[in-house]
Structures are given as structure tokens and as C-alpha cells.
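Since the structure comes first, as C-alpha cells, the remarks are kept for the end.
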Amino acid sequence: MARLNKETLVDWYRQMVLTREFEETCYQLYTEKRITGVYLHLYSGQEALGTGAIGNMEIGKDHIITAYRDHGIGLMLGMDPKVLMAEMMGRVDGSSGGKGGSMHLASRKLNFWGGYAIVGGHLPLAAGIGLEAQYNETGAFVVSFVGDGASNNGYFHESLNLAGVWDLPVIWIIVNNGFGMGTATDRAAGNVNLHERALSYGIKDMGRVDGQDVMAVYEKVNEAAQHVWSGKGSVLIEAITYRYRGHGVSDKQYDTAFAEELAEWKENKDPIVLFRRHLEDKYKDISGELDDIHEKQKEIVAEAVEFAENSPFPDTEEQLYANVYVE
Amino acid sequence: MATKNLPMREALRQALLEEMRRDERVFVMGEEVGQWQGTHRVTRGFIEEFGEKRVRDTPISEMVIGGAAVGAAMAGLRPVAEFMTINFAFLALDALINHAAKIHYMFDGMFKVPAVFRAATGWGDQATATHSHMPEPIFAHFPGMYVGSPSNSADAYGMLKASIRDENPVLFTESIGLYGRPGPMPEDESGDYVLPIGKGNVVQEGTDVSIFTYARGVEWAKQAARTLSKDGVSVEIVDLRWLRPLDTDIIFESFKKTNRAVIVEESLPMYSFGSELAAQIQENCFDYMDAPIKRVSAADVPLPYSKYLELMALPDEDKVVSAVKEII
């Protein structure tokens, strides 16, 4: 568990700023057709959630898995932005050699089991990864993010039920950003209090958390980890958040249909602004240090773009057919 | 030394039992695999020997049976997940196709998925439309996962061991009609009788026509060959064992010798095992073809309940004999 000294908190701030900078750069690159894959789902607006949750993990021991909105998770865990950007652009130096793209980032070394693009498809994988931890008594837990949309499909039901039956060490975090693609949560869920579904599975209902407040997320997931460590099995948390760049960046209608709502979130609930305010209240004279972080992350992302664009495309038969099977 | 005879279900049970004793990472999960002793009795006695940790009864939840096996395998375990029948595995298509088969490639080799998905398969017994499928070709369509189905006890034993020890995901189907069929076990009793994945087997050599088949089709082919031999027709029978990887070497070698082929499959005829083999043979052995390739498949209908309709729909010895006679 991370110790919440100043150094830790400043590092969280760095993670969040890096992610925002990376994502907004991806948006720009997409519009310029320098990132050419059709699907690009950005984490902007949700940074507090990843950072607060990951802050509880022992990286490389504990596990994490998520859906397609996965760039921020990779960055927050400490993956090299160069490698991630190369993957965005489908280059050989990408984390998956250019074969996965934006939605399939992963790091074996960091126990980041990937981003997945079939809604809910990664939830049973999370259960299975939790089973390994339990089976081998590693003491590790799994953080599994779940979209609010995914919480309506069969995978959610089967996976959380199994986690309940087997007491798997999985922390399920519903990322309720208000929409499953374009359908608002209240038009898709019979009970909009999504966390209450825990009751059906015999796992702990940990209620809601403000997904824009990194400290609150950290505390909530910490409480969840304590529960899991005590051997009582799985928990469900519902984090309330918002996405700044639609479902995917190609969804232009979203920006106009929900412009006022979006402006309201950006104005009053931006996770980076809120956390900055918290840090400035807590530590006098920290503003300059935080400003430097912004500058530094801009440089890092610019270097990542340069690296990625100089990395070759995979284009040989050998590369095409490599790793279909374990040889 | 006389070899033991065991029904196929016992051969499978023996293989699984030995692999679980050999490797602590191997465990079974599925509906009724534990306390119920296995729907098909393949895991009979397992929960008593290995306990609930390694013999895991699941809810009736095929999506998570498939997907959790994928996750557990990625993380380092060796799950043998059982779908009570292949019909129910349709519910897990996404876990099998989008995840088990693709994860190794999608992440460029970062993760591997050494999971085995066992499922009872096949038509008949008036089980009716939704419970009568031999859909291996659907699964074999996708690169990344091996697909095999044994025709006899010794193969079942050696193929299942190979599947469990392999680093790739395997869909391993078992014909319900063969579970009770006794057959000789391998002479090798070391526990390491492991048949190579993707290698077929010439069951019977012949010179006039090749019958390519797998699983229960081998039985029909053998019966047909006996009948045809009375008319002086020499039949070669090739049991492919695996739909993926497909042993094209053994197919082409046999065809180049006999110049005629009948493909026998228990599954449906459209976009099938038979279509694939016929295409491969004409592409690679065109100069050796002396007759059209014939296929004996199930009828292109959802399987009806009523006894005589069902028999009409299924392949059998007579249909194989007729197909051979059409091209001899």
C-alpha cells in the first residue's frame, strides 16, 4: 500500500496530468490522422479513478484488468508512454507490437492483464485471475474496472456471482460515467444504484464513491482491499465519474447533445483541478512544483509521439503470422 | 503384453486423473464435475481425491466457465473446464473465440492461455435440435485455439494428455456415443503417452479410396470398409483426430495414393470439415483426382426428435458405402 506522504501525492498528480496530456494528444493525433485506428476511447475526466485505485496496489503483485478505455491505466501503472504511443500508432515498438492497438494495452510485468473490447468480456478473466491468486495463496487481489454498460450484460452477472460463490479476491469497480456508449444509465438499468447489485451475489456492497476525488477513491479501494485481505471475498464499488471525449473520439454527436452537462463537469468536477486544490491547501508553496509537472508531462508526451512516429510499422509475413500459437 | 480395454470415458478419466496427480496447477471446473461425479462420469471420484480446491463445481454459467478458465490460465494455472455438452458452449462463444483463441496474438505473445475446454459432442439419442450438434468446425474456424475429438480410448487418453500439457488453448470434444465404447489402451503405461497435437492417424491402409473422418465417423468408416471389402474395394481410413491444426500432410499423402476421397462428418454440410478438406485436396492434389470428392454429412436440418426422422438425418455405414460406390 502506498504511503500517503507528499511524494506519493505529487506522484499521483503526475500520473493524472500525464494521462490527460497523453489523451488530449491522442485526440489531436486522431483528428490529424496520425493515429489511424477507428476506435479511440479516452480517459480524460476519469483520471482520479485509476490513480486512486492503483494507489492501493503493490505493482507487479496485485492484478488489474479493464475495458477498452485503458490508456490511463497503463500510464498510471508506469508503462512507458513511448511504448503506449507506439501501440496507438500500430508500430513495432508498441506494447503489443502493433497488434493490439488502443483497446488492447497490457503489461505482463506489471500484472496489467489488458484492456478488452468486448463489453464485459474481461470480467470472467478477472474472476479467473483472482482464482489463481486464491489457488496459489499469493495474497494478491485483482482490481477489475467494469463499465456501467457492462454491468447490464450477462458476463457481469455470471462473473460477480462466481466471485461470490468462490470468495474470489476481486475488487469490482463500476465506472459509472453516465453512459453505456450513447445510452444513459437510467435508460439501461432497472435499478440505477448499480452498486446494490452486490446484494444479489453475496459480495460486499461498498456503495458509491466520488470518482472525481482521488483521495476518496483511494480510501474506498483501501477499505475494499482490507475486506479482500481478510479473506471475506469480493466487493463491489460504484464510482461516479464522467467522460470528456464521448464514448469514442469519433462520436461527435455526444459533444453537442450533452454540451451543458459536460461543461458543468469540467467546470466544477475536474479531477485534476480538484486534486490540485487539495494539494495546494495541504502544502504551501507547491504551485510551482505542480506547474513544472505539467510542463514535464508535455515534454514526455511529445517525446513519446516522436518515438512512435519513428518506430517502423510491422509489415512482414513473419510478423503477421507470429504468435498465433505458442510454438 | 496384453493391453487393457477401457471405455472411452474411463480412458479420459485416467488421463485427467494422472495429469492432476502430475501437475498441481491442473484443476477441473464446470457444472456437476464434483459432487455429482461428472455428468458423463469422467470426473468420477475426483472430488474425493483432490478436494473442492481442484475440483470446482460451478453455477450454470457457461460464459464465466469459459472466461474464468481463460483468466486462470493466463495467470499460470492449467484449467480443464468442462462444458456439459457442446450445445451449452455456444453460450461461451465469446470467451472461447474472442478471448481464449485471440489473446496470445492480440498481445503479441505477452500472455498465453493453456486452458482445455472439454465438451461432450454429437448427434442422436433423440436429444432433439438444441441438444444435437457436432459443431467443431465453428470453433476450428478461428486461429489461436486447437480443436480435437478422439475416435477411441487410446487416442482419447493420449490426446487429452497432450491438450493439458500444451501451452495453447484446446477445445476437446468427446462424442457422447463413444463414451461407453470399450477399446484397447496404449501399451505405454508410463503415464507419458502423449499424442502429438495436429497429427492424424491412418486407421486402415487401402488403395482404392480414402475416407477422411474423425470421432464417431471412424466407426462408420470401418463398418463401411468391411462391407466394401466383400466387393473387392480396398478402403483407406484416415482419422484426422484434430480439426486444427489440420494434418494436411496425411490427407494429401493418402489421396495421392488412392486418388479418390469420401469425407465423413457427423456435423452439418455447409462450411464444414468436409468443405474444408475438399477444398484443400483440390487445391493441392488436382492432378491426382480421378473422381469427384464425396461428402457424407448430417442432413442440413435442425435435428428432429422422432426416431425415424432422426436416423434419416444422421450419417451411417450405409450412407458411407453408397458414397464410396458412387465414385469407384
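Residue numbers (my numbering), protein chains in the order written: chain U, -8 to 318; chain D, 3 to 330. Note that beta-carbon positions come from the ideal geometry of N, C-alpha and C, so glycine has one too. Computed from a predicted structure; not experimentally measured.
request  = State the CB to CB distance for the pair methionine 206 of chain U and isoleucine 228 of chain U, rounded to an integer number of angstroms; the pair is presumed to be in contact (CB under 8 Å).
outcome  = Contact doesn't hold; Cβ gap of about 15 Å is too wide.
Valine 133 of chain U and aspartate 53 of chain U closer than 9 Å at C-beta = The answer is yes: Cβ separation under 9 Å.
key: Minimum Cβ-Cβ distance from arginine 58 of chain D to chain U less than 9 Å   = Taking a beta-carbon distance threshold of 9 Å, arginine 58 of chain D counts as an interface residue toward chain U.
inquiry  = In whole angstroms, give me the CA-to-CA distance for alanine 250 of chain U and phenylalanine 90 of chain D.
reply    = Rounded to the nearest whole angstrom, the C-alpha separation of alanine 250 of chain U and phenylalanine 90 of chain D is 45 Å.
message = Please report the straight-line C-alpha distance between tyrosine 273 of chain D and leucine 279 of chain D, rounded to a whole angstrom.
response = Taking the straight line from one Cα to the other gives about 11 Å.
ask   = Under 8 Å Cβ-Cβ, which residues of chain U neighbour glycine 160 of chain D?
value = For glycine 160 of chain D, there are no C-beta contacts with chain U under 8 Å, since the nearest C-beta of that chain is about 20 Å from it.
request  = Give me the Cβ distance between tyrosine 310 of chain D and glutamine 128 of chain D, rounded to the nearest whole Å; I'm assuming they're in contact under 8 Å.
outcome  = The beta carbons of tyrosine 310 of chain D and glutamine 128 of chain D sit about 11 Å from each other, so the pair does not count as a contact at 8 Å.
request  = Consider the Cβ of tryptophan 163 of chain U: report whether some Cβ of chain D lies at a distance smaller than 9 Å.
outcome  = Residue-level contact by beta carbon fails for tryptophan 163 of chain U and chain D, as no gap is shorter than 9 Å.
key: C-alpha distance - lysine -3 of chain U paired with glutamate 290 of chain U, whole-angstrom precision   = Their backbone Cα atoms lie some 23 Å apart in a straight line.
ask   = Considering only C-alpha positions, which residue in the set D/Val205, D/Val220, D/Gly179, D/Ile166 is nearest to arginine 195 of chain D?
value = According to the sequence as given, residue 195 of chain D is tyrosine; it is not arginine. In terms of Cα proximity to tyrosine 195 of chain D, the closest of D/Val205, D/Val220, D/Gly179, D/Ile166 is D/Ile166.
message = Taking the beta carbon of arginine 178 of chain U as the centre, do at least 16 other beta carbons fall within 10 Å, making it buried, or is it exposed?
response = Arginine 178 of chain U should be labelled exposed.
task = Please classify alanine 293 of chain D: does DSSP put it in a helix, a strand, or coil?
result = Looking at alanine 293 of chain D - three-state DSSP - the assignment turns out to be coil, as it is neither helix nor strand.
query = Which class does methionine 197 of chain U belong to by DSSP, given the choice of helix, strand or coil?
reply = Residue state, collapsed to three classes: strand.
ask   = Curious, which full-length alpha helix (DSSP H) runs of at least 4 residues does the segment 204 to 231 of chain D contain?
value = Correct list: empty.
query = Listed in chain order, which residues of the segment 146 to 160 of chain U have Cβ atoms closer than 7 Å to some Cβ of chain D?
reply = Within the segment 146 to 160 of chain U, the residues whose Cβ lies closer than 7 Å to some Cβ of chain D are Tyr146, Glu149, Ser150, Asn152, Leu153, Val156, listed in chain order.
ask   = What is the C-beta distance between alanine 217 of chain D and serine 134 of chain D, in whole angstroms, given that I count them as a contact (C-beta under 8 Å)?
value = Between alanine 217 of chain D and serine 134 of chain D, the beta carbon gap of about 14 Å keeps them out of contact (Cβ cut-off 8 Å).
Other residues of its chain near alanine 223 of chain D: CB distance less than 7 Å, five sequence neighbours each side excluded = Cβ contact annotation for alanine 223 of chain D (same chain, cutoff 7 Å, sequence separation greater than five): Ile213, Thr215, Ile239, Val266, Val322, in chain order.
message = How far does the beta strand (DSSP E) with isoleucine 42 of chain U in it extend, from its first residue to its last?
response = The amino acid occupying residue 42 of chain U in the given sequence is threonine; isoleucine does not appear at that position. Element bounds for threonine 42 of chain U: not the beta strand (DSSP E) but the alpha helix (DSSP H), 38 to 45.
message = Less than 9 Å between CB atoms is the rule here; does valine 107 of chain D satisfy it with respect to chain U?
response = Here residue 107 of chain D is tyrosine; the residue named in the question, valine, does not match the sequence. At least one chain U Cβ lies under 9 Å of tyrosine 107 of chain D.
query = Can you give the Cα-Cα distance for proline 184 of chain D and valine 235 of chain D, rounded to whole angstroms?
reply = Distance between proline 184 of chain D and valine 235 of chain D, taken at the CA atoms: about 28 Å.
request  = Taking lysine 259 of chain D as the reference, give the member of D/Gly276, D/Met291, D/Glu285, D/Asp249 with the closest Cα.
outcome  = Among D/Gly276, D/Met291, D/Glu285, D/Asp249, the Cα nearest to that of lysine 259 of chain D is on D/Met291.
message = Quick check: arginine 11 of chain D and tyrosine 159 of chain D, are their CB atoms within less than 9 Å of each other?
response = A distance of 9 Å or more separates the beta carbons of arginine 11 of chain D and tyrosine 159 of chain D.
query = Helix or strand or just coil, what does DSSP make of arginine 234 of chain U?
reply = Coil at arginine 234 of chain U, not helix or strand.
task = List the endpoints of the continuous alpha helix (DSSP H) containing glutamate 251 of chain U.
result = Note, glutamate 251 of chain U: alpha helix (DSSP H), 250 to 259.
request  = Starting from proline 61 of chain D, find everything on chain U with Cβ-Cβ shorter than 8 Å and list it in chain order.
outcome  = Neighbours of proline 61 of chain D on chain U, chain order: Glu149, Asn152, Leu153, Val156.
request  = Specify the secondary structure class of glutamate 313 of chain U as computed by DSSP and reduced to three states.
outcome  = Note on identity: in this sequence residue 313 of chain U is alanine, with glutamate being the wrong assignment. The answer is coil: DSSP assigns alanine 313 of chain U none of H, G, I, E or B.
request  = Would you mind sorting glutamate 78 of chain U into buried or exposed? The rule is 16 or more other CB atoms within 10 Å of its CB.
outcome  = Flag for glutamate 78 of chain U reads buried.
ask   = Any beta-carbon of chain U closer than 9 Å to the one on leucine 79 of chain D?
value = So yes, leucine 79 of chain D belongs to the interface.
query = Is threonine 60 of chain D helix, strand or coil when you go by DSSP?
reply = Three-state result, threonine 60 of chain D: coil.
ask   = Listing by chain order, which chain D residues have their CB less than 9 Å from the CB of proline 303 of chain U?
value = Within 9 Å Cβ-Cβ: nothing; proline 303 of chain U doesn't reach chain D, min ~15 Å.
ask   = So with Cβ pairs under 9 Å, would you call glutamate 332 of chain D a contact of chain U?
value = Since the first and last residues shown for chain D are 3 and 330, residue 332 of chain D lies out of range.
request  = With DSSP collapsed to three states, give me the class of glutamate 210 of chain U.
outcome  = In the structure shown, glutamate 210 of chain U sits in a helix (DSSP, three-state: H, G or I).
request  = Drop a sphere of 10 angstroms on the beta-carbon of proline 137 of chain D, count the other beta-carbons inside from all chains shown, and report buried for 16 or more, exposed for fewer.
outcome  = Per the 10 Å Cβ criterion, buried.
key: DSSP three-state assignment for alanine 71 of chain D, whether helix, strand or coil   = Residue state, collapsed to three classes: helix.
Reduced DSSP secondary structure (H/G/I, E/B, other) of arginine 190 of chain D = Reading off the sequence shown, one finds aspartate at residue 190 of chain D, where the question assumed arginine. Aspartate 190 of chain D: coil per DSSP, three-state reduction.
query = Taking a cut of 8 Å between CB atoms, which residues from the segment 132 to 147 of chain D lie near chain U?
reply = Pro145, Gly146: these are the residues of the segment 132 to 147 of chain D whose beta carbon lies less than 8 Å from some beta carbon of chain U, given in chain order.
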